[in-house]
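This report concerns only the one structure given below.
Residue numbers (our numbering): 44 to 640.
In structure tokens, the structure reads:
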């Protein structure tokens, strides 16, 4: 079919409401502009076959840079899909921006790594070819490696930037690039906007030949050197103590065995079993529920817990596919036949915060860092140890990294966010599953020597600081309709928020997009930075609040619920915990009704 007929067919599809007008605009570009010539035949085939839904999904928008980079569903064509063109634009835009920012005389270099997902190796090599063609030396971690190791490699090799090919815990259909600055942190303002401007204006993508660049020394395979240095840096965060602990570890079909097991062995843990069911590196994630390797999901631990009971293991540890986050499951008590339970990201965050504070030499200059949607238990633990907690941050570990450098790495102790991300040490500027797993095992071993479990230690923290209960609910809203729905829900929260949630009046609204606090009596006051698409509703009961934000990496809205009872109000811990779960149920019910989801 000639181009004129193809364009007419696109116009007819818009009129028939088979595709959106924005999709049609991008489809026309991919059909007619020289920079998309390699993909025009595939676009034409979709049009002649009337694959309108696939075209609309792939073209209705331009896939953005969010809190974790550029992430989405893989599809061979489309501005809203992960493919050679969108990955190539990302690398080319990064190269162009770094060159322009650092100047003509700069020695340019880039570290690149990838996970076990489908096409991750192809995309990593594509990025390497583009960076070499742009004049960069590339330090390439051959084979699959963790995201924190890529962050470490950027710093260790003094690179100008870094690229990690991973979609973290997303479904097998997805992939992504995470882009790192020379600090080893994901790109922050103004660099993020500068890079995306370059990405959007990319015309031609220049590529070198990978094998030729490797032979010429322009691509350097450095995984053996960096692996050793990375594990050395991880175990610098170790604390001497008991090591009598039987650990069952799962990489959830990802990269974690490359760093978690070596780190635990170096730290003296001699009884670590790699869980065979999840050991195979596979982008299909075949043996986890729904094929989604997310340690936030308690169901990924079901098979592990059964195996742990049979083998008398003391702790289950799992890392997500790129090993920057962990999940834990542990017995409720050390009694024979005890039931097991997983721990939430907030609970792990509190336990590790207390452990780091307990085992480090503290001064009033020391600080920890967290986010606005992470449990306030972190703040109360920090206060009890006399250290500062920096907590007014948006979601995303890049903001934690920024705070570390702004307040002085020499005084940094610990960083955490509710989605199972934890960091100690200054060897990286991103959450680190290897360090987190090591600290968790150290704490579990210490507690075992004292006759306790992680759950019992958490109860101790509740008696000391009050009972904290949290819940996060994600509502998927895919496609162009989903984006419109997300905007509608956020607008609803801003324009006419509920006056009551779970039987408590809403005392005030904190709007971080408008940077304003609005109280129930209508009075307002400015809200300091940060600035982002986040609304928090504080209830009249102190420490109880909810937050709402659209995800920066996936098509979904997230609701965060926080319930709290102060320690002076505690009489029966089990009763209070049950009451707070009922309060969270009521919060979730009211939020779903209000948002219509």
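The beta-carbon is built from N, C-alpha and C at its ideal position, and this holds for glycine as well.
None of these values were measured; they are calculated from a predicted model.
### Query
DSSP puts residue 224 in a beta bridge; with which residues?
Residue mapping note: residue 224 aligns to position 181 of the chain shown, counting from 1. Residue 224 is bridged to 204.
### Query
Can you tell me whether DSSP reads residue 298 as helix, strand or coil?
Taking the first residue of the chain shown as position 1, residue 298 is located at position 255. Coil.
### Residue from 57, 449 and 603 with nearest C-alpha to residue 627
Reading the chain shown from its first residue, position 584 is the one you call residue 627. Looking at the Cα atoms, 603 is the closest of the given residues.
### Query
Start and end of the beta strand (DSSP E) containing residue 601?
Residue 601 sits at position 558 when you count from the first residue of the chain shown. Where residue 601 is concerned, the enclosing beta strand (DSSP E) stretches over 599-608.
#### Entry: Beta-carbon proximity check, residue 481 vs residue 281, cutoff 8 Å
As a first step, residue 481 is located in the chain shown; it is residue number 438 there, counting from the start. As a first step, residue 281 is located in the chain shown; it is residue number 238 there, counting from the start. A contact, by the Cβ cut-off of 8 Å.
#### Entry: Pairwise C-alpha distance: residue 532 and residue 48
For this step, residue 48 is matched to residue 5 along the chain shown. For this step, residue 532 is matched to residue 489 along the chain shown. For residue 48 and residue 532, the distance between alpha carbons rounds to 40 Å.
### Query
With 16 as the cutoff for other CB atoms within 10 Å, does residue 243 come out buried or exposed?
The residue labelled residue 243 in the question sits at position 200 within the chain shown. Exposed: under 16 other Cβ atoms inside 10 Å.
### Query
Which runs of the beta strand (DSSP E) spanning at least 3 residues fall entirely within the segment 328-383, listed in chain order?
358-362 and 369-374
### Message
Out of 452, 442, 321 and 120, which one is the CA nearest neighbour of residue 83?
### Response
Sequence index remark: in the chain shown, residue 83 carries index 40 (1-based). When only C-alpha atoms are compared, the closest one is 120.
### Alpha-carbon to alpha-carbon, residue 451 and residue 516
By 1-based counting over the chain shown, the position of residue 516 is 473. By 1-based counting over the chain shown, the position of residue 451 is 408. Going by the C-alpha atoms only, they are around 34 Å apart.
### Query
Based on Cα-Cα distance, which residue from 492, 205, 608 and 342 lies nearest to residue 370?
By 1-based counting over the chain shown, the position of residue 370 is 327. That would be 342, whose Cα lies nearest to the Cα of residue 370.
#### Entry: Length of the line joining the Cα atoms of residue 28 and residue 246
As displayed, the chain neither begins before 44 nor continues past 640, which places residue 28 out of reach and without an answer.
### Query
For residue 579, which of helix, strand or coil comes out of DSSP?
Position 536 of the chain shown, counting from 1, holds the residue named residue 579. Three-state result, residue 579: strand.
#### Entry: Short Cβ contact (8 Å threshold) for residue 212 with residue 412
The residue given as residue 212 occupies position 169 in the chain shown. The residue given as residue 412 occupies position 369 in the chain shown. No, these two residues do not count as a Cβ contact at 8 Å.
### Query
Which whole runs of the beta strand (DSSP E) in the segment 212-273 are 3 residues long or more, in chain order?
217-224 and 262-264
### Message
Does the structure place the segment 382-396 close enough to the segment 302-322 that three or more beta carbon pairs sit under 8 Å?
### Response
no
### Query
In terms of alpha-carbon separation, which member of 154, 237 and 498 lies closest to residue 198?
For the purposes of this step, residue 198 is taken as the residue at position 155 of the chain shown. For residue 198, the nearest C-alpha among the options comes from 154.
### Segments of 4+ residues assigned as alpha helix (DSSP H) that fall wholly inside the segment 49-78
64-75
### Query
Where in the segment 461-544 do unbroken runs of the beta strand (DSSP E), each at least 3 residues long, occur, reported from the N-terminal end onward?
464-466 and 510-519
### Task
Excluding the 5 residues preceding and the 5 following residue 64 in the sequence, name in chain order all residues of the same chain whose CB lies nearer than 6 Å to its CB.
Numbered from its first residue, the chain shown carries residue 64 at position 21. Closer than 6 Å at the Cβ level, and outside the excluded window around residue 64, lie 57.
### Query
What did DSSP end up calling residue 187 once you bin it into helix, strand or coil?
Reading the chain shown from its first residue, position 144 is the one you call residue 187. If DSSP states are grouped into helix, strand and coil, residue 187 belongs with coil.
### Query
For the segment 438-455 against the segment 158-174, are there 3 or more C-beta pairs whose distance is under 8 Å?
no
### Beta-bridge pairing of residue 292 - partner residues as DSSP gives them
Residue numbering aside, residue 292 sits at position 249 when the chain shown is read from its first letter. The partner list for residue 292 (beta bridge, DSSP) reads 317 and 360.
### Message
Less than 8 Å between the C-beta atoms of residue 578 and residue 536, yes or no?
### Response
As a first step, residue 578 is located in the chain shown; it is residue number 535 there, counting from the start. As a first step, residue 536 is located in the chain shown; it is residue number 493 there, counting from the start. Yes. Within cutoff.
### Query
For residue 395, which residues from the same chain have a beta carbon less than 6 Å from its beta carbon, with the 5 sequence-adjacent residues on both sides left out?
Numbered from its first residue, the chain shown carries residue 395 at position 352. If we look at residue 395 and ignore the five residues flanking it on each side, its Cβ neighbours are 465 and 482.
### Query
Are the Cβ atoms of residue 218 and residue 286 separated by less than 8 Å?
In the chain shown, counting from the first residue as 1, residue 218 sits at position 175. In the chain shown, counting from the first residue as 1, residue 286 sits at position 243. The answer is no: Cβ separation not under 8 Å.
### Message
Whole angstroms are fine: how far does the CA of residue 539 sit from the CA of residue 566?
### Response
As a working note, residue 566 is residue 523 in the chain shown. As a working note, residue 539 is residue 496 in the chain shown. The straight-line gap from Cα to Cα measures roughly 15 Å.
### Query
What separation, rounded to the nearest whole angstrom, lies between the Cα atoms of residue 589 and residue 430?
By 1-based counting over the chain shown, the position of residue 589 is 546. By 1-based counting over the chain shown, the position of residue 430 is 387. Cα to Cα, residue 589 sits roughly 26 Å from residue 430.
### Query
Do you know whose CA, among 366, 362, 402 and 356, lies nearest residue 383's CA?
Taking the chain shown and counting its residues from 1, one reaches residue 383 at position 340. The shortest C-alpha separation from residue 383 is found at 356.
### Message
Please list the terminal residues of the continuous alpha helix (DSSP H) segment that includes residue 305.
### Response
For the purposes of this step, residue 305 is taken as residue 262 along the chain shown, with counting starting at 1. First-last of the alpha helix (DSSP H) with residue 305: 303-309.
### Query
Per the contact definition of three or more C-beta pairs closer than 8 Å, is the segment 219-233 in contact with the segment 294-313?
no
### Query
Do you know offhand how far residue 99's Cα is from residue 90's?
For the purposes of this step, residue 99 is identified with residue 56 of the chain shown, where counting begins at 1. For the purposes of this step, residue 90 is identified with residue 47 of the chain shown, where counting begins at 1. For residue 99 and residue 90, the distance between alpha carbons rounds to 11 Å.
### Cβ neighbour criterion (16 or more within 10 Å) applied to residue 175
Reading the chain shown from its first residue, position 132 is the one you call residue 175. It counts as buried.
### Task
Could you round the C-beta distance between residue 326 and residue 214 to whole angstroms and report it? I think they count as a contact, below 8 Å.
For the purposes of this step, residue 326 is taken as the residue at position 283 of the chain shown. For the purposes of this step, residue 214 is taken as the residue at position 171 of the chain shown. With 8 Å as the limit, residue 326 and residue 214 do not qualify as a contact, their Cβ atoms being about 10 Å apart.
### Query
Terminal residues of the continuous alpha helix (DSSP H) containing residue 143?
In the chain shown, counting from the first residue as 1, residue 143 sits at position 100. Where residue 143 is concerned, the enclosing alpha helix (DSSP H) stretches over 127-145.
### Query
According to the Cβ coordinates, are residue 96 and residue 248 closer than 8 Å?
Numbered from 1 along the chain shown, position 53 holds the residue referred to as residue 96. Numbered from 1 along the chain shown, position 205 holds the residue referred to as residue 248. Not in contact: residue 96 and residue 248 (Cβ atoms no closer than 8 Å).
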